[in-house]
Structures are given as structure tokens and as C-alpha cells.
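A short write-up of the structure that comes next.
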Amino acid sequence: GCYSSGSQDLFRFAERLALLDGLYPKEHPVLILDDPFANLDDSHMEKVLSFLWNEQSGRQIIYLTCQSSRMP
Numbered sequence: 004g005c006y007s008s009g010s011q012d013l014f015r016f017a018e019r020l021a022l023l024d025g026l027y028p029k030e031h032p033v034l035i036l037d038d039p040f041a042n043l044d045d046s047h048m049e050k051v052l053s054f055l056w057n058e059q060s061g062r063q064i065i066y067l068t069c070q071s072s073r074m075p
């Protein structure tokens, strides 16, 4: 496609969040993320981590990564 691999990863992540919100409008199931942002550059990664930790209140998130630079 016309978008970078990192942008495509973000689109897929947003689709999954929208699907979860549609399937579970009143409850928030545990969200398990297994290194879904491996293709993002550092500036985008900072924004994604900020979103996950600040904007997703009420949702339990298990975030797995093997890169220490990808941790908040």
C-alpha cells in the first residue's frame, strides 16, 4: 500500500480497538498486545505509549515487547 508499515500497524490497532468497543460497549475486556508496534519510529512510538497509558483508562492492558526502548 501507500502507507508505511508503521502506519499500517496503527490502522490495524485502531480497527481492533473499535471492534472491541463495538462488541463490548459496557465492559472492557483485557487487551493483550504482543509487540504490535515493532515498525513504528521513535516519535510515533512515544505518542502511542502516551495514548495507551493515558487515554485508555478503565481498560486493563498487558503490553509485551522485547525491546527496552519500547517501554514507557
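Each residue of the sequence shown is one higher than the last, beginning at 4 in the working numbering.
Cβ coordinates follow ideal geometry from the N, Cα and C atoms, glycine included.
The model shown is predicted, which means the values in this text are computed figures rather than measured ones.
With H, G and I counted as helix, E and B as strand and the rest as coil, what does DSSP make of residue i?
i, result
"Leu43", "coil"
"Asp37", "strand"
"Glu58", "helix"
"Lys50", "helix"
"Glu30", "coil"
"Ser7", "coil"
One question on the structure: do residue i and residue j come within less than 8 Å of each other, judged by their Cβ atoms?
i, j, result
"Leu43", "Gly9", "yes"
"Asp45", "Thr68", "no"
"Leu23", "Ile64", "no"
Based on DSSP bridge pairs, tell me the residues matched to residue i.
i, result
"Tyr66", "Leu36"
Taking all protein chains shown into account, decide if residue i is buried (16 or more other Cβ within 10 angstroms of its Cβ) or exposed.
i, result
"Phe54", "exposed"
"Phe14", "exposed"
For residue i, which residues of its own chain have a beta-carbon under 7 Å away from its beta-carbon, when the five flanking residues on both sides are left out?
i, result
"Phe16", "Pro39"
For residue i, which residues from the same chain have a beta carbon less than 8 Å from its beta carbon, with the 5 sequence-adjacent residues on both sides left out?
i, result
"Tyr6", "Phe14"
"Ala21", "none"
Could you name the residues of the same chain whose beta carbon sits closer than 6 Å to that of residue i, not counting the 5 residues immediately before and after it, in chain order?
i, result
"His31", "Gly61, Arg62"
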